[in-house]
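Protein sequences, first through last, are from chains V and R.
Here our numbering is used: position 351 in the first sequence is 402, and no number is missing along the way.
Here our numbering is used: position 43 in the second sequence is 70, and no number is missing along the way.
In this text, a Cβ means the ideal position worked out from N, Cα and C, and glycines have one as well.
Here's the structure we're looking at; comments come further down.
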Amino acid sequence: MTLTSPPDFRAHSVPPAPPIKRATWEWYIPIYFWLGGISAGSWIAAAAEDLTGGRNRRLIGTARWLSLGTLLGGTALLIADLGRPERFHHMLRIVRARSAMSLGSWGLTAYGGVAGLAAMLQAGEAGWLGRRAALARLSRGGAGRAVHVAGLPLAAFVGSYTGVLLASTSTPSWEARAGWLGPLFLSSALSSGIAAVALAADLGPGLGPRARRRLARAEAVALAAELALLAQAGRASRPLPSERRARPKLGAARALVALAGMALPLGLAIARGAGRKRRGRRRQQNHALHLAGATLALGGSLALRYLVTHEGYRSADTPEDTWRITSGGDGAPGRRPVRGPQAVEPVLADGRLSAPA
Amino acid sequence: MTAPGHAGVAHGVRAWDRHDAGAAEQAQQTSGTAITPGRAYGFFTDTTLCIGCKACEVACKQWNQLPSDGFALSGHSYDNTRALGATTWRHVSFIEQFDGERFETGAGATEQWADPAHRWLLLSDVCKHCVEAPCLEACPTGAILRTEFDTVYVQQDVCNGCGYCVPACPFGVVEVDRQRDGKAHKCTLCYDRLKGGLEPACAKACPTDSIQFGPVDELRERAKLRVMELRGRGVPAYLYGTPGVLENEADTSRLRGLNCSFLLIDRPEVYNLPPEPRRPSDNTAPGLLASGLAAAGLVAAALLAFWSER
Numbered sequence: 052m053t054l055t056s057p058p059d060f061r062a063h064s065v066p067p068a069p070p071i072k073r074a075t076w077e078w079y080i081p082i083y084f085w086l087g088g089i090s091a092g093s094w095i096a097a098a099a100e101d102l103t104g105g106r107n108r109r110l111i112g113t114a115r116w117l118s119l120g121t122l123l124g125g126t127a128l129l130i131a132d133l134g135r136p137e138r139f140h141h142m143l144r145i146v147r148a149r150s151a152m153s154l155g156s157w158g159l160t161a162y163g164g165v166a167g168l169a170a171m172l173q174a175g176e177a178g179w180l181g182r183r184a185a186l187a188r189l190s191r192g193g194a195g196r197a198v199h200v201a202g203l204p205l206a207a208f209v210g211s212y213t214g215v216l217l218a219s220t221s222t223p224s225w226e227a228r229a230g231w232l233g234p235l236f237l238s239s240a241l242s243s244g245i246a247a248v249a250l251a252a253d254l255g256p257g258l259g260p261r262a263r264r265r266l267a268r269a270e271a272v273a274l275a276a277e278l279a280l281l282a283q284a285g286r287a288s289r290p291l292p293s294e295r296r297a298r299p300k301l302g303a304a305r306a307l308v309a310l311a312g313m314a315l316p317l318g319l320a321i322a323r324g325a326g327r328k329r330r331g332r333r334r335q336q337n338h339a340l341h342l343a344g345a346t347l348a349l350g351g352s353l354a355l356r357y358l359v360t361h362e363g364y365r366s367a368d369t370p371e372d373t374w375r376i377t378s379g380g381d382g383a384p385g386r387r388p389v390r391g392p393q394a395v396e397p398v399l400a401d402g403r404l405s406a407p408a
Numbered sequence: 028m029t030a031p032g033h034a035g036v037a038h039g040v041r042a043w044d045r046h047d048a049g050a051a052e053q054a055q056q057t058s059g060t061a062i063t064p065g066r067a068y069g070f071f072t073d074t075t076l077c078i079g080c081k082a083c084e085v086a087c088k089q090w091n092q093l094p095s096d097g098f099a100l101s102g103h104s105y106d107n108t109r110a111l112g113a114t115t116w117r118h119v120s121f122i123e124q125f126d127g128e129r130f131e132t133g134a135g136a137t138e139q140w141a142d143p144a145h146r147w148l149l150l151s152d153v154c155k156h157c158v159e160a161p162c163l164e165a166c167p168t169g170a171i172l173r174t175e176f177d178t179v180y181v182q183q184d185v186c187n188g189c190g191y192c193v194p195a196c197p198f199g200v201v202e203v204d205r206q207r208d209g210k211a212h213k214c215t216l217c218y219d220r221l222k223g224g225l226e227p228a229c230a231k232a233c234p235t236d237s238i239q240f241g242p243v244d245e246l247r248e249r250a251k252l253r254v255m256e257l258r259g260r261g262v263p264a265y266l267y268g269t270p271g272v273l274e275n276e277a278d279t280s281r282l283r284g285l286n287c288s289f290l291l292i293d294r295p296e297v298y299n300l301p302p303e304p305r306r307p308s309d310n311t312a313p314g315l316l317a318s319g320l321a322a323a324g325l326v327a328a329a330l331l332a333f334w335s336e337r
């Protein structure tokens, strides 16, 4: 006895609605992913500058303000996306280790506290809380450093949990590369955060060549990691049916993001990071490259978030993607072989179901 | 004017109290089971008995006072409902399987209605009330909880409409109603009726007993008997939602089974059900671990990069 439906049994005379639902986030949720990433990345930049003894106060101050500002902006977007924004605080009713959204809410809250503390120190350093030398000393000294260190794990969490949040859904395209989205988003957070600091700090009197080179080197590291992780995430599963169907457009979009948003700024960052003792016209050009590279990296990071989100939506709307992920034989790595005779006694002499060929 | 109104209300309350004892026994009379808090309740939907009358859809809408979805014809068979959603908690799927050539020869199973060359498959879909429910695990507010009847329930006074339960559900059941109240909605397994000793509206309305309500363990025994009976008649029946029990074409063990199980006679995909539904929250801890490792590497590399050009 077999299940003798027609060979093209998936081709209904009537196409069904997709078996799963896509996330119904507003268009600005990928912007939140991006802003949260910039916040986390600029925090890491501030901490790195402080801890390695660079002591460029302009860089650190800019990064501190950026991390708080983008965090507040992103949180506002998150709240605006709720069906009932006035109930945003219900997020803090419970802690649930299996809910990436719950962990993220708590992580954002804790990180917001640390970012606020750093901003207060910075305000003291800038003299906004009265001209007291003690405040500035606190901000430049051990207290500032302690806050930076305490915020590092929180920033890393805020930069990466959004990827884990996507992976912890039934959306095939996100589930298929579950382990890679967190690291990918984190590397993107670092590259965009450093780029934002580089851009913002250079708007005024400028950072100086050494601080610029520091940023460029860290930027190069982040972009290289981002490129490698993007390639790895792509290899993590064979192309889903939705991806095969959209291959020319999707491939072009992916290539554009990888080239213009990662590879090109990577090349610029390497050029900037390696350069020493440039003067005059060369230095002017170098500055222009600096700004161009940072802008490209920021754009690439935003495009990456939109691309990943869009791929997920398409994949949720494509039933074949769900069948691939949830049926034996192929799909995501690590699945158990399930099809075929199970541990069920034959109910009748000929009662066993044989698996279809 | 107020006095008669008050008297009316008071009278109504007293009438309700009087009938309460009778209501508590109703499930015993209509589904052969008493409803006791602490026991697991669910549905067993035998798709071979469904005639596509949609009485379950109507009963559900009426009892739960769900708004109409409009009167548009979808053009998709007799299915104008199309999918479960925030205001549709029961949905009858119409699956047409007609193979012209084989229809002529009439080859197939011993039971004519089960001949895959020409048959209707009908399935009244509903929230599965998973044993390990992904929507509940995803919910960051605690709005989704497990009731004393082991069902999965969305507390409307807590839900803030974050919508994370929607992509978490492996069956596309729960939905946020962004047009109306901005909150997540799905089948409650008629929690209010269970509290009052009544079986859920859909099961009570089903004229063929395709939808059966009862304690999950009792339903499972009934389902096994039905599968054996059908197999004896040459119909390749199996269960969906009962891990390790005659679940030949499916495996719901990642969710540790479904309180609302189904009897199917074709592959799960044909009914728009995932053969091996996954538990999305299984990806959270490994994802965070991978992110932690990546964070350690990236932060160390960033520190090194800054240090190299002090």
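Report the neighbours of Glu202 (chain R) on chain V: residues whose CB is nearer than 9 Å to its CB, in chain order.
Lys72 and Thr75
What separation, rounded to the nearest whole angstrom, lies between the Cα atoms of Thr346 (chain V) and Thr121 (chain V)?
16 Å
Pick from V:Ala114, V:Ala303 and V:Ala287 that is closest to Ala262 (chain V), judged by C-alpha positions
V:Ala114
Counting only Cβ pairs nearer than 7 Å, list the residues of chain V close to Tyr180 (chain R).
Those within 7 Å of Tyr180 (chain R) in chain V number zero; the least Cβ separation is about 15 Å.
Please work out which residues of its chain come closer than 6 Å, Cβ to Cβ, to Ala367 (chain V), disregarding the five sequence neighbours upstream and downstream, and give them in chain order.
Ile71, Arg73 and Thr222
Residue interval of the alpha helix (DSSP H) (run including His199 (chain V)):
Gly193 to Ala218
Residue closest to Gly169 (chain R), alpha-carbon to alpha-carbon, out of V:Ile95, V:His141, V:Leu154 and V:Ala99:
V:His141
Neighbour-count burial assignment, Asp293 (chain R), 16 or more Cβ in a 10 Å radius
buried
Quick check on the DSSP output: the alpha helix (DSSP H) that includes Val254 (chain R) runs from which residue to which?
In this chain, the alpha helix (DSSP H) harbouring Val254 (chain R) covers Val243 to Gly259.
Where Glu265 (chain R) falls: helix, strand or coil (DSSP)
It is Tyr, not Glu, that sits at residue 265 (chain R) in the sequence shown. Reduced to three states, the DSSP call for Tyr265 (chain R) is strand.
If the cut-off is 7 Å on Cβ atoms, which residues from the region 273 to 290 of chain R count as contacting chain V, listed in chain order?
Leu273, Glu274, Asn275, Glu276 and Asp278
Does the separation of the CB atoms of Arg398 (chain R) and Val203 (chain R) fall below 8 Å?
An answer regarding residue 398 (chain R) cannot be provided, because it is not within the stretch 28 to 337 covered by chain R.
Using a Cβ-Cβ cut-off of 6 Å (strictly less than) and excluding sequence neighbours within five positions of Asp381 (chain V), which residues of its own chain qualify?
In this predicted model, Asp381 (chain V) has a pLDDT of only 43, less than 50, meaning its place in the structure is not dependable enough to derive any value.
Can you tell me whether Ile245 (chain V) is buried or exposed? The criterion is at least 16 other CB atoms within 10 Å of its CB, across all chains shown.
buried
Spatial distance of Ala165 (chain R) from Cys189 (chain R) (CA atoms):
10 Å
For Asp73 (chain R), which beta-bridge partners are listed by DSSP?
Asp73 (chain R) is bridged to R:Leu290.
Segment contact flag, the region 297 to 304 of chain V with the region 242 to 256 of chain V, C-beta cutoff 8 Å, min 3 pairs
No, because fewer than three Cβ pairs between the region 297 to 304 of chain V and the region 242 to 256 of chain V fall closer than 8 Å, the two stretches do not touch.
7 Å CB neighbourhood of Pro384 (chain V) in its chain, flanking five on each side removed:
Low per-residue confidence applies at Pro384 (chain V): pLDDT is 34, beneath 50, and the placement is therefore not dependable, though the value from the model is reported in the following sentence. Closer than 7 Å at the Cβ level, and outside the excluded window around Pro384 (chain V), lies no residue.
Does chain V have any CB closer than 8 Å to the CB of Trp334 (chain R)?
yes
Report the three-state DSSP secondary structure of Phe176 (chain R) (helix, strand or coil).
Correct three-state label for Phe176 (chain R): coil.
Does any CB atom of chain R fall closer than 8 Å to the CB of Ile89 (chain V)?
no
Tell me Gly413 (chain R)'s beta-bridge partners as DSSP assigns them.
Nothing about residue 413 (chain R) can be read from this structure; chain R reaches only from 28 to 337.
With 8 Å as the threshold, decide whether the Cβ of Ala276 (chain V) is near any Cβ in chain R.
yes
Out of R:His118, R:Arg117, R:Trp116 and R:Trp140, point me to the one whose CA is closest to Phe125 (chain R)'s CA.
R:Trp140
Pull out every residue of the region 155 to 175 of chain V whose Cβ sits closer than 7 Å to any Cβ of chain R, in chain order.
Ser156
Please report how far the alpha carbon of Leu246 (chain R) lies from the alpha carbon of Pro64 (chain R), in whole angstroms.
Distance from the CA atom of Leu246 (chain R) to the CA atom of Pro64 (chain R), rounded to whole angstroms, is 17 Å.
Within the region 272 to 358 of chain V, ranges of the beta strand (DSSP E) (whole runs, at least 3 residues):
none
For Ser118 (chain V), collect the residues of the same chain with a Cβ closer than 6 Å to its Cβ; drop the 5 residues on either side in sequence, then sort them by chain order.
Scanning its chain for C-beta atoms nearer than 6 Å, with the 5 sequence neighbours on each side dropped, one finds around Ser118 (chain V) the residues Ser90, Ser93, Trp94 and Ala166, in chain order.
Relative to chain R, which residues along the region 367 to 381 of chain V have a C-beta separation below 8 Å, given in chain order?
Answer in chain order: Ala367, Pro370, Thr373, Trp374, Ile376, Thr377, Ser378 and Gly379.
At least three beta-carbon pairs within less than 8 Å, the region 175 to 185 of chain R to the region 308 to 327 of chain R
no
Between Ala312 (chain R) and Arg306 (chain R), what straight-line distance do the alpha-carbon atoms span, to the nearest angstrom?
Per the coordinates, the alpha-carbon of Ala312 (chain R) lies some 12 Å from the alpha-carbon of Arg306 (chain R).
So what's Asp184 (chain R) in DSSP terms, helix, strand or just coil?
coil
Rounded to whole angstroms, what's the CA-CA distance from Thr415 (chain R) to Glu52 (chain R)? Just pull it up for me.
Since the first and last residues shown for chain R are 28 and 337, residue 415 (chain R) lies out of range.
Can you say whether Arg387 (chain V) is buried or exposed, counting buried as having 16 or more other CB atoms within 10 angstroms of its CB?
Interpretation of Arg387 (chain V) is limited by its pLDDT of 35, a score under 50 that renders its predicted location unreliable; the figure taken from the coordinates is listed afterwards. Exposed, since its Cβ has fewer than 16 Cβ neighbours within 10 Å.
Using the DSSP secondary-structure output, state which residues sit across from Tyr68 (chain R) in a beta bridge.
Looking at the DSSP output, Tyr68 (chain R) shares a beta bridge with R:Pro242.
For a contact meaning CB atoms closer than 8 Å, what does Lys210 (chain R) contact in chain V?
Residues of chain V whose Cβ lies closer than 8 Å to the Cβ of Lys210 (chain R) are, in chain order, Gly134 and Arg135.
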